[in-house]
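Down below is the structure, laid out as structure tokens.
Here it is as structure tokens:
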């Protein structure tokens with residue numbers, strides 16, 4: 001026997017590790033997990049990387065024999081562990097095979113291993129001076145903004161979440177934008193003044209999504225920016241992601257400070273009406289014309305080959321009559337990330353950006369450009 | 001106003017009609033629904049066809065004005081109706097547009113119409129002398145066999161479900177096979193002796209799936225075979241499907257009458273073990289070797305690049321030691337369509353077909369060929 005391990009914890013750790021490994025890797029070793037058995041501490045370490053990101057997690061294990069390390073295909077190891085019903089799993093090493101079995105020996109898997117020397121060495125980070133932040137807060141900063149990050153390769157600095165420490169306010173800010181819309185969330189983080197977070201940094205989409213997953217179930221994590229890497233320590237491991245190079249655009253300059261018109265509307269009714277108004281549009285961009293008059297809102301789709309739609313809604317509108325067109329997807333995706341029953345849309349004219357906020361969405365704002373047809 | 005209609009019934013009817021319409025039609029009219037308003041009976045008829053299949057359903061409607069018929073895009077009409085929260089929907093006709101709105105007029109859709117003359121005329125069938133069969137029984141005959149029907153274009157007569165009246169036994173039989181495996185289900189149908197069902201007929205996959213859907217919620221439906229069409233009348237409409245030409249193979253000849261070896265095993269444990277034994281096989285065909293000894297079963301995957309798996313199971317085996325290989329998918333798909341806690345596998349040798357039955361699966365049998373490697 002090499003090790004005896006709790007099945008549920010191993011499955012959870014492998015799920016995280018598999019999220020980092022590179023599934024379409026041209027280098028086979030990037031789809032591998034490096035397993036390192038340390039008998040003195042009774043710990044098994046599992047490491048994966050795609051060269052831009054890296055993860056090293058640990059799990060308690062009853063280990064026999066000397067220290068040992070080797071690589072196995074991460075996804076397959078994870079899939080095998082998932083199939084076990086037992087609470088404990090036995091690992092054995094037999095030449096170039098890892099044997100995975102239950103205690104009784106009624107099921108046995110053999111998985112091909114390779115040498116640990118092939119596995120790339122990863123940068124290491126000290127846990128000191130990082131920011132202590134509740135896991136849920138960090139996950140929320142990412143989840144409420146990342147949907148706006150660009151998916152186009154060309155817009156490199158827009159392809160992630162920009163983190164900006166606002167030390168004077170004791171806040172951490174997250175911003176993401178694809179150039180057509182922008183989401184911003186501020187959260188109080190006591191202690192940010194004393195952390196070594198000094199400047200803003202951009203975490204790419206994959207890295208940001210993994211940070212959110214590694215943080216969300218944790219009471220407190222350590223988060224920081226060191227030598228062009230964003231890094232995170234949680235209760236069972238650490239993760240790093242190389243930050244995107246370049247400067248995040250001056251987003252403050254595009255947020256208007258004054259608005260002439262304000263619409264207050266039920267968030268759920270608005271989502272429903274936007275979905276209905278676009279049911280006859282087959283194209284990816286779904287323009288919806290919004291006619292604003294006192295206490296009434298009319299959504300309509302442009303006259304298309306198949307027909308058109310028109311939805312009237314009651315709403316509270318203060319301002320001049322205005323007709324403005326938005327890509328419905330850009331409104332719906334933002335509204336779905338909000339919590340408020342009623343939201344506020346602030347507008348100037350049909351060519352100027354619109355600001356969306358909500359009473360129950362403190363610290364959050366969403367800016368969206370109208371479509372000019 | 002043209003008509004006022006109950007929303008839920010209209011949505012349900014359009015869902016059925018849309019299942020028949022041809023979504024990838026080269027002829028646009030085959031993706032249309034023909035709407036026929038009959039004020040005398042206060043009925044709206046909805047008809048769709050892909051030329052091989054046809055459906056004509058009816059729904060109560062409060063109709064004003066004279067009889068009228070025209071075509072609308074079926075899928076879009078269905079999608080629009082789905083978005084309504086209201087219980088009743090108003091239809092209006094405005095030149096070449098169908099207007100769909102709620103009673104208040106807060107939402108309004110305009111859908112392009114075309115002339116009813118373009119719509120193909122469909123064969124008609126008399127309801128007389130058809131077989132009265134409980135809807136659930138007809139649906140079960142299809143659902144428990146169709147998963148074996150061939151998906152290959154070349155095997156035309158195997159691409160559906162073969163219905164065979166067994167008048168002497170008072171049963172209706174359904175059989176499907178792709179040449180590697182076969183599923184058969186018999187069900188008592190009182191009255192089949194007196195129906196005009198005389199010979200067997202093959203209903204293609206799409207037709208059989210629709211018949212199952214149209215039958216499953218109905219107490220009794222009328223089912224029959226008239227002039228190369230299978231046809232079905234349910235409580236709100238009728239459906240026909242052109243039957244497949246050619247003769248269904250003599251399946252009786254391939255079912256062995258005697259077996260030397262019998263395995264009794266828990267169905268759920270067997271499914272689980274088959275899934276586990278194939279976790280390391282990435283290919284479509286998943287060979288699993290089964291070693292049968294007294295009271296023990298060992299499943300193993302062939303030695304692959306990534307490794308191998310071996311699962312032991314307790315089972316009741318009467319017969320000679322035997323090693324036989326199956327495509328795991330062929331076993332799992334059959335076991336998942338069965339109800340019995342314990343199933344019986346009857347075997348002769350490693351090259352002969354295996355018969356699977358179960359105590360709680362009366363009238364059902366499944367025959368599968370082993371893989372010869």
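Chains as they are written, first to last, in the working numbering: chain A, 1 to 373; chain B, 1 to 373.
Cβ atoms here follow ideal geometry from the backbone N, Cα and C, with glycine treated the same way.
Inset, instruction - Quick one: residues in its chain with C-beta nearer than 6 Å to the C-beta of residue 226 of chain A, no 5 flanking neighbours on either side, listed in chain order? - result: 125
Inset, instruction - Taking all protein chains shown into account, decide if residue 253 of chain B is buried (16 or more other Cβ within 10 angstroms of its Cβ) or exposed. - result: exposed
Legend entry - Residue span of the beta strand (DSSP E) that contains residue 62 of chain B, given as start and end: 53-63
Legend entry - Alpha-carbon to alpha-carbon, residue 9 of chain B and residue 34 of chain B: 17 Å
Legend entry - Rounded C-alpha distance that separates residue 130 of chain A from residue 343 of chain B: 60 Å
Inset, instruction - Establish whether the CB of residue 332 of chain B and some CB of chain A are separated by less than 8 Å. - result: no
Legend entry - Contact set between residue 80 of chain A and chain B, taken where Cβ atoms lie within less than 9 Å: 276, 279, 280, 307 and 309
Inset, instruction - Check the Cβ-Cβ distances between residue 17 of chain A and every residue of chain B, and say whether any is below 8 Å. - result: no
Legend entry - Near-chain B residues of the region 82-107 of chain A - C-beta to any C-beta below 7 Å: 83, 97, 106 and 107
Inset, instruction - Mind listing, in chain order, the continuous beta strand (DSSP E) runs of no fewer than 3 residues lying wholly within the region 7-38 of chain A? - result: 32-38
Inset, instruction - Pair every Cβ in the region 237-248 of chain A with every Cβ in the region 316-336 of chain A, then say whether three or more of these pairs are closer than 8 Å. - result: no
Inset, instruction - Give the single residue among A:175, A:302, A:188 and A:40 whose Cα lies nearest to the Cα of residue 374 of chain A. - result: No statement about residue 374 of chain A is possible, as the shown extent of chain A runs from 1 to 373 and does not include it.
Legend entry - 8 Å Cβ cutoff, residue 293 of chain B in contact with chain A: no
Legend entry - Selection from A:215, A:181 and A:165 that minimises the alpha carbon distance to residue 192 of chain A: A:165
Inset, instruction - Could you tell me the boundaries of the alpha helix (DSSP H) in which residue 137 of chain B lies? - result: 135-143
Inset, instruction - Flag residue 115 of chain B as yes when its Cβ comes closer than 7 Å to any non-hydrogen atom of the ligand HEM, and as no otherwise. - result: Judged by which ligands are present, the structure shown has none, so any question about the ligand HEM falls away.
Legend entry - Within 7 Å of chain A by C-beta, residues of the region 148-167 of chain B in sequence order: none
Inset, instruction - Select from the region 109-120 of chain B all residues with a C-beta closer than 7 Å to any C-beta belonging to chain A, and list them in chain order. - result: 109, 110, 111 and 112
Legend entry - Entirely enclosed beta strand (DSSP E) segments - the region 181-239 of chain A, minimum 3 residues: 181-188, 201-204, 220-226 and 229-234
Inset, instruction - With 8 Å as the limit, tell me which residues of the region 46-80 of chain B have their beta carbon closer than that to any beta carbon of chain A; keep them in chain order. - result: 73, 76, 79 and 80
Legend entry - Beta-carbon gap between residue 368 of chain B and residue 181 of chain B smaller than 8 Å: yes
Legend entry - C-alpha distance - residue 284 of chain A paired with residue 358 of chain B, whole-angstrom precision: 51 Å
Inset, instruction - Check whether the region 77-96 of chain B touches the region 263-277 of chain B, taking contact to mean three or more Cβ pairs, one atom from each stretch, closer than 8 Å. - result: no
Inset, instruction - Return the first residue and the last residue of the alpha helix (DSSP H) that residue 264 of chain A is part of. - result: Per DSSP, residue 264 of chain A belongs to no alpha helix (DSSP H); it is in the beta strand (DSSP E), 261-266.
Inset, instruction - Taking only the alpha-carbon atoms, compute the straight-line gap between residue 4 of chain A and residue 88 of chain A and give it to the nearest angstrom. - result: 7 Å
Legend entry - Three-way DSSP call (helix, strand, coil) for residue 327 of chain B in this model: strand
Inset, instruction - Measure from the alpha carbon of residue 123 of chain A to the alpha carbon of each residue in A:216, A:54 and A:14, then state which is nearest. - result: A:54
Legend entry - Assigned secondary structure, residue 340 of chain B (DSSP; H/G/I helix, E/B strand, else coil): coil
Inset, instruction - Take residue 28 of chain A as the anchor and find which of A:37, A:48, A:277 and A:146 has the nearest alpha-carbon. - result: A:48
Inset, instruction - Name, please, each residue of chain E whose Cβ falls closer than 7 Å to the Cβ of residue 24 of chain A. - result: Among the protein chains in the structure shown, which are A and B, there is no chain E.
Inset, instruction - Please check if any C-beta of chain A sits within less than 8 Å of the C-beta of residue 268 of chain B. - result: no
Inset, instruction - Taking only beta-carbon positions, decide if residue 136 of chain B is within less than 8 Å of chain A. - result: no
Legend entry - Residue-level contact to chain A via CB, residue 7 of chain B, 8 Å cutoff: no
Inset, instruction - Leaving out five residues on either side along the sequence, give the residues of the same chain with a beta carbon under 7 Å from the beta carbon of residue 294 of chain A. - result: 317
Inset, instruction - Measure the C-alpha to C-alpha separation of residue 218 of chain B and residue 108 of chain A and round it to an integer number of angstroms. - result: 49 Å
Inset, instruction - Jot down the residue ranges of each uninterrupted beta strand (DSSP E) in the region 279-329 of chain B, minimum 3 residues, whole runs only, in chain order. - result: 287-293, 296-300, 307-314, 316-318 and 322-327
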